[in-house]
Amino acid sequence: MSPFLAGVLQMLALIAALALAYRPLGDHMARVYSSDRHLRVEKSIYKAIGANPDAEMRWPAYLRGVLAFSVVSVLFLYGLQRLQGALPGSLGFVPIDPDQAFNTAASFVSNTNWQSYYGEQAMGHVVQTGGLAVQNFVSAAVGIAVAVALVRGFARSRTGELGNFWADLVRGVVRILLPISVIGAIVLVACGAIQNFTGIHEVGQFMGGSQQWNGGAVASQEVIKELGTNGGGYFNANSAHPFENPNGFTNLFEIFLILLIPFSLTRTFGRMVGSLRQGYAILGTMATIWAGFVLLMWATEFAGHGPAFEAAGGAMEGKETRFGIGASSIFAVSTTLTSTGAVNSFHSSYTGLGGGITMLGMMLGEIAPGGVGSGLYGMLIMAIIAVFIAGLMVGRTPEYLGKKISTREIKLAACYILVTPALVLCFTAAAMALDTPVTSMTNSGAHGFSEVLYAYTSGANNNGSAFAGLNADTQWFNTTIGLAMLLGRFVPMVFVLALAGSLAEQTPVPRTAGTLRTEKPLFTGLLVGTIVIIAGLTYFPALALGPLAEGLAS
Numbered sequence: 031m032s033p034f035l036a037g038v039l040q041m042l043a044l045i046a047a048l049a050l051a052y053r054p055l056g057d058h059m060a061r062v063y064s065s066d067r068h069l070r071v072e073k074s075i076y077k078a079i080g081a082n083p084d085a086e087m088r089w090p091a092y093l094r095g096v097l098a099f100s101v102v103s104v105l106f107l108y109g110l111q112r113l114q115g116a117l118p119g120s121l122g123f124v125p126i127d128p129d130q131a132f133n134t135a136a137s138f139v140s141n142t143n144w145q146s147y148y149g150e151q152a153m154g155h156v157v158q159t160g161g162l163a164v165q166n167f168v169s170a171a172v173g174i175a176v177a178v179a180l181v182r183g184f185a186r187s188r189t190g191e192l193g194n195f196w197a198d199l200v201r202g203v204v205r206i207l208l209p210i211s212v213i214g215a216i217v218l219v220a221c222g223a224i225q226n227f228t229g230i231h232e233v234g235q236f237m238g239g240s241q242q243w244n245g246g247a248v249a250s251q252e253v254i255k256e257l258g259t260n261g262g263g264y265f266n267a268n269s270a271h272p273f274e275n276p277n278g279f280t281n282l283f284e285i286f287l288i289l290l291i292p293f294s295l296t297r298t299f300g301r302m303v304g305s306l307r308q309g310y311a312i313l314g315t316m317a318t319i320w321a322g323f324v325l326l327m328w329a330t331e332f333a334g335h336g337p338a339f340e341a342a343g344g345a346m347e348g349k350e351t352r353f354g355i356g357a358s359s360i361f362a363v364s365t366t367l368t369s370t371g372a373v374n375s376f377h378s379s380y381t382g383l384g385g386g387i388t389m390l391g392m393m394l395g396e397i398a399p400g401g402v403g404s405g406l407y408g409m410l411i412m413a414i415i416a417v418f419i420a421g422l423m424v425g426r427t428p429e430y431l432g433k434k435i436s437t438r439e440i441k442l443a444a445c446y447i448l449v450t451p452a453l454v455l456c457f458t459a460a461a462m463a464l465d466t467p468v469t470s471m472t473n474s475g476a477h478g479f480s481e482v483l484y485a486y487t488s489g490a491n492n493n494g495s496a497f498a499g500l501n502a503d504t505q506w507f508n509t510t511i512g513l514a515m516l517l518g519r520f521v522p523m524v525f526v527l528a529l530a531g532s533l534a535e536q537t538p539v540p541r542t543a544g545t546l547r548t549e550k551p552l553f554t555g556l557l558v559g560t561i562v563i564i565a566g567l568t569y570f571p572a573l574a575l576g577p578l579a580e581g582l583a584s
């Protein structure tokens with residue numbers, strides 16, 4: 031079987047699995063966030079934190095809940111890392127340096143999971159499981175909660191109430207993320223992933239020296255790392271490590287977990303707004319972009335010219351022979367079009383244009399299908415922009431799901447789409463202009479610039495993957511990427527929740543003959559075009575200096 035055909039068959043199997051899970055999971059999540067019933071364990075959590083889950087919140091109160099919880103999470107995770115030397119199960123590792131501890135705390139709380147450290151050489155069992163793994167759950171639940179609040183803004187009218195953040199947070203963890211993670215961890219353990227709390231082992235002699243590995247609760251962290259679109263690996267090799275990703279089946283299963291909730295949330299959206307066809311339109315947009323990126327990646331990675339490429343059947347440098355080009359390309363596209371950041375191959379070793387595709391996936395805003403929650407609310411913001419553009423073309427006041435898109439709504443949407451590009455481009459420009467950051471670049475020229483551009487794109491878009499040729503463990507990069515991650519996560523949430531509150535206060539507008547049919551394929555095409563044009567106009571000059579220049583020169 032040719033490598034290309036193997037990739038096509040894996041993609042078809044993945045699509046089939048996602049299609050089977052789409053309806054039951056999407057409907058389940060809609061019931062979770064629409065139910066008035068509280069489970070016994072949820073009541074215990076509400077009592078412990080002093081929250082009233084039945085108290086409705088307007089958007090400022092909802093935002094305060096998001097920010098307060100996240101600030102506490104950053105402080106807790108930072109303190110846990112700084113105290114590591116005094117904790118049990120530390121495996122003899124010393125406390126994490128202040129700048130790296132800040133970077134890691136910001137990373138995992140913001141659902142970015144950028145890592146400027148070697149996991150197996152820096153973090154003990156308590157920090158890994160009690161700190162990082164916990165944030166994998168709750169940061170994902172925060173993203174879903176904000177998305178659900180925006181959906182309620184569309185679904186409700188003549189009220190500013192968006193639900194209760196604490197109830198949405200707890201339900202997301204207890205009823206969605208935990209059950210799937212338990213089942214997924216069992217599957218990974220059965221397929222060869224490790225799950226233990228052993229110490230450091232010497233596994234053999236290599237080239238005159240010994241190689242050491244430590245155990246850990248890898249399978250349980252791996253499943254929520256993918257399911258919650260987090261991406262932080264227990265080991266530095268991430269999902270290329272056989273302890274995390276043992277074989278071809280687990281590789282496909284992990285891609286399935288990455289895409290499962292973001293795609294299924296479109297049905298949740300359709301169910302909650304009372305029109306499944308609206309959810310299908312958003313799903314169609316996400317699926318079109320995702321499939322298009324996979325095909326583009328295959329075209330660049332399979333079509334390499336020269337004896338080395340021909341002998342390997344394509345660009346095999348930096349890719350695991352267990353997975354090959356086809357599966358590695360699907361994984362790379364899926365992680366960069368979501369906020370996952372996990373890698374099963376070395377993105378820096380992709381062809382020049384292939385590396386540019388991974389970067390462009392993040393630059394689109396990671397909305398196809400995007401991170402858990404963040405992908406849906408990012409796509410809905412883009413839908414509002416597309417409706418506004420359509421309204422300008424025909425001279426009508428734009429409407430979406432029965433809500434008028436007035437000056438206030440379009441200003442909030444515009445602010446949302448400007449935050450991340452401003453962070454990426456300003457931090458990249460500053461890093462390239464100063465002397466110290468440039469010394470961290472392993473490569474010069476276009477590829478060296480791509481390393482820096484990729485790092486800030488990954489951080490500000492809350493992705494977490496890296497070109498890895500950049501030494502990011504410096505005070506400059508730990509601090510600036512940490513700030514980019516926090517600002518890129520929480521500033522857009524301000525505009526999302528303000529928009530949700532504004533929409534919820536409106537009175538629905540009746541549909542007329544002139545209303546744009548946003549459930550039709552025509553709108554899906556308009557939405558795809560809007561996304562590509564906005565990202566292209568924003569980032570094209572930077573891409574031209576990096577991956578495009580490198581790709582055209584090769």
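Residue numbering for the sequence shown is 31 to 584, as defined by this note's numbering.
Beta carbons: idealized from backbone N, C-alpha and C, even for Gly.
Note that this is a predicted model, so its numbers are computed, not measured.
Out of the options, which one is the CA nearest neighbour of residue i?
| i | options | result |
| --- | --- | --- |
| V233 | Q242, L192, T450 | Q242 |
| F106 | G382, L162, S379 | L162 |
| T370 | R70, P125, G263, F507 | G263 |
| Y310 | F34, T510, R547, A420 | R547 |
| H271 | L289, I254, A249, L257 | A249 |
| A416 | Y430, A460, P125 | Y430 |
| N15 | M515, L192, A116 | Past the edges of the chain, shown from 31 to 584, lies residue 15, and the structure says nothing about it. |
| G245 | I254, G229, E256 | G229 |
| F273 | A528, V468, L218 | L218 |
| M392 | Y569, I174, T560 | Y569 |
| A47 | A215, S294, L97 | S294 |
| A36 | A357, Q111, V303 | A357 |
| I387 | V363, M409, A534 | V363 |
| T469 | L500, A496, V71 | L500 |
| A51 | A490, T472, I288, I319 | I288 |
Measure the C-alpha to C-alpha separation of residue i and residue j and round it to an integer number of angstroms.
| i | j | result |
| --- | --- | --- |
| F123 | N226 | 18 Å |
| G278 | Q165 | 28 Å |
| A177 | G403 | 5 Å |
| S211 | V203 | 10 Å |
| S436 | T537 | 13 Å |
| T351 | L180 | 43 Å |
| S617 | V482 | As displayed, the chain neither begins before 31 nor continues past 584, which places residue 617 out of reach and without an answer. |
| F265 | G512 | 21 Å |
| F286 | C221 | 15 Å |
| S64 | A185 | 11 Å |
| L575 | I312 | 33 Å |
| R519 | M31 | 43 Å |
| S120 | F418 | 54 Å |
| P551 | L282 | 29 Å |
| Y108 | C445 | 30 Å |
| G555 | L39 | 27 Å |
| F507 | P467 | 7 Å |
| L394 | A565 | 5 Å |
| L453 | A461 | 12 Å |
| A170 | M153 | 22 Å |
| F553 | I319 | 14 Å |
| P577 | G382 | 5 Å |
| P90 | V524 | 9 Å |
| A579 | A459 | 18 Å |
| M302 | H477 | 45 Å |
| M409 | N268 | 28 Å |
DSSP has residue i in a bridge; who is on the other side?
| i | result |
| --- | --- |
| I230 | N244 |
| S375 | K349 |
| M471 | L500 |
| R88 | E191 |
Quick check on the burial criterion: 16 or more other C-beta atoms within 10 angstroms. Buried or exposed for residue i?
| i | result |
| --- | --- |
| R438 | exposed |
| Y148 | exposed |
| F332 | buried |
| G544 | exposed |
| L101 | Rather than Leu, the amino acid found at residue 101 in this sequence is Val. Counting Cβ neighbours within 10 Å, V101 comes out exposed, since fewer than 16 surround it. |
| H231 | exposed |
| A142 | What sits at residue 142 in the sequence shown is Thr, not Ala. Flag for T142 reads buried. |
| D66 | exposed |
| P209 | exposed |
Going by beta carbon distance, what residues of the same chain come within less than 7 Å of residue i, once the five residues before and after it are set aside?
| i | result |
| --- | --- |
| T298 | G56, M59, A60 |
| G115 | V124, P125 |
| S305 | E549 |
Between which residues of its own chain and residue i is the CB-CB distance below 6 Å, once the five residues before and five after are set aside?
| i | result |
| --- | --- |
| Q308 | G300, E549 |
Please go through the same chain and pick out, in chain order, the residues whose beta-carbon is closer than 8 Å to the beta-carbon of residue i, but skip the five residues on each side of it.
| i | result |
| --- | --- |
| L69 | V204, R205 |
| L44 | L282, I285, F286, L289, I360 |
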